Amino acid sequence: MDQVGKDSFNNRLDGAAARVAALLELMLRETPLKGEIARPERLISAMRHGVLNGGKRIRPFLVLETARLLGAPEDAALRVAASLECIHCYSLIHDDLPAMDDDDLRRGQPTVHVAFDEATAILAGDGLLTLAFDILSAPETALPDTTRLALVNQLARAAGVGGMVGGQALDLQAERVAPDEAGIVRLQAMKTGALLRYACAAGAIAAQADAESLARMTRFGEIVGLAFQLADDLLDVTSDAATLGKAAGKDAGRGKGTLVSLHGVDVARQRLDGLVEEATLLMQPYGAAAGTLVEAAGFIANRDR
């Protein structure tokens, strides 16, 4: 990608992040929504700290771009994207807790339990998890009821015991018993890949796309998920905390097996190139209209933080 292409892609990425952040800020006002009783100020502040602290917002970007490609309503897609970002940020808040990864830094800022306290951090994560389904199921997400139900159901499965949460459980287990390569791939497909797969599938569901397009976008999301985690593992061994905005070298320090530790940096980079190539081939039927998604796959594979 030339510099003009990079600038254009980054502008789209930043623009999507800003739109998602604006909606989340609106949803996290102190004024109670209809049906709520009150919103405790400290809890809302902690939730805002956890979700309005920057970041590339790759997952909502994939929702928006997939939805745009397949013709989903823009306003509804934005709400789907915001709900997914709530799930992602809740998981980061909980992952950072002392009982889990015990991190003090996230996106260059104090983690929620450091900025507030552990109990408030747990509740902030719980609040964002619940808010995600509030946003998705509300009438303001102007999609047919059956479509909203499918989005809710698939997000629950991507985020739950058979997806992200189950992957985190496997990740904790991996600190005690190192998994083999198949185990590492399964763990990463659940902990990291499930939400990225959902991001791409959700755009197709919101667009009420045909089965072939849904399958193609779901597979694209799986590939992007693999690339994201592989790039993350590479950064863990090749970057530093100042660049990442979080602790580096965590996996090696805990003796966790990764594909990078198994096969080395060069092989991992070759695999990343292969994943980007596969993602590009999947988007060929959509022609130039899928260019941003192709660029997104390359961005995810080659990012530096």
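Here the sequence shown is numbered in our numbering, starting from 18 and rising by one per residue. Built from N, CA and C at the ideal position, the CB exists for glycine as well. Note that this is a predicted model, so its numbers are computed, not measured.
Alpha-carbon to alpha-carbon, residue j and residue i
i: Ala-323; j: Val-97; result: An answer regarding residue 323 cannot be provided, because it is not within the stretch 18 to 322 covered by the chain.
i: Val-293; j: Val-284; result: 14 Å
i: Leu-140; j: Leu-60; result: 7 Å
i: Gly-144; j: Cys-106; result: 11 Å
i: Gly-242; j: Thr-83; result: 15 Å
i: Ala-132; j: Asp-121; result: 9 Å
i: Gly-200; j: Arg-288; result: 17 Å
i: Arg-36; j: Leu-213; result: 19 Å
i: Glu-42; j: Cys-103; result: 11 Å
i: Asp-24; j: Gly-308; result: 14 Å
i: Glu-111; j: Leu-146; result: The sequence given here has His at residue 111, not Glu. Going from the Cα of His-111 to the Cα of Leu-146 covers about 11 Å.
i: Gly-210; j: Glu-53; result: 33 Å
i: Gly-32; j: Val-282; result: 33 Å
i: Gly-274; j: Pro-49; result: 45 Å
i: Ala-226; j: Ala-93; result: 15 Å
Span of the alpha helix (DSSP H), counted from its first residue to its last, around residue i
i: Tyr-303; result: Neither: Tyr-303 is in no alpha helix (DSSP H) and is coded neither H nor E.
i: Gly-67; result: 58-68
i: Arg-233; result: 228-255
i: Thr-137; result: 135-154
i: Gly-180; result: Careful: Gly-180 lies outside any alpha helix (DSSP H) and carries neither H nor E.
i: Lys-222; result: Residue identity differs from the one stated: residue 222 is Ile in this sequence, not Lys. Looking at the DSSP string, the run of the alpha helix (DSSP H) that includes Ile-222 is 211-223.
i: Gly-315; result: 308-319
i: Asp-113; result: Element bounds for Asp-113: n/a, residue is neither H nor E.
Local Cβ density within 10 Å of residue i, reported as buried at 16 or more and exposed below that
i: Asp-249; result: buried
i: Glu-312; result: buried
i: Gly-88; result: exposed
i: Val-129; result: buried
i: Pro-77; result: buried
i: Ala-136; result: exposed
i: Leu-189; result: exposed
i: Gly-71; result: exposed
Coil, strand or helix - residue i by DSSP
i: Pro-196; result: coil
i: Pro-77; result: helix
i: Gln-205; result: helix
i: Leu-122; result: strand
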